[in-house]
Amino acid sequence: MDRKHSLEARLEMLLASLEKIKEQLEDIALDEMSEARAYSNMARACYEEDARWNLFLIAMDSIVHQEIAWALIRAINEI
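Numbering of the sequence shown is given in our numbering, commencing with residue 7 and proceeding in unit increments.
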């Protein structure tokens with residue numbers, strides 16, 4: 007019986023840890039979304055072609071990070 011309770015306690019701790027990780031990932035995803043929007047707005051307003059391209063690449067990087075965070079959140083929700 008002790009072993010069962012020990013396993014249950016460890017599972018509860020694991021689920022609590024996953025919930026904290028999920029909350030952090032949600033913050034990251036929202037942060038990346040804001041960054042992507044800001045960099046894309048700067049790229050639209052920029053007149054220098056090289057700088058505009060660099061800002062666009064940074065915005066794309068933020069979008070990729072955002073999508074990774076949301077994918078991880080979906081995976082955690084499946085557990």
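Every residue, glycine too, gets a C-beta built ideally from N, C-alpha and C. On a predicted model such as this, the values are computed, not experimentally measured, just so you know.
- Within the same chain, ALA42, TYR45, SER46 come within 6 Å of ALA65 by CB-CB distance, once the 5 residues on both sides are set aside.
- Between LEU31 and ILE79, the C-beta gap is smaller than 9 Å, which places the two residues in contact.
- Spatial neighbours of SER68 in its own chain (CB-CB distance under 7 Å, excluding positions within 5 residues in sequence) are listed in chain order as GLU38, GLU41, ALA42, TYR45.
- For GLU14, the enclosing alpha helix (DSSP H) covers residues 8-51.
- In its chain, beyond the 5 residues on either side, no residue has a beta carbon closer than 7 Å to the beta carbon of GLU25.
- Closest in C-alpha terms to TRP76, from the list ASN60, GLU29, LEU63, comes GLU29.
- One Cα belongs to ALA81, the other to ILE74, and the distance between them is close to 11 Å.
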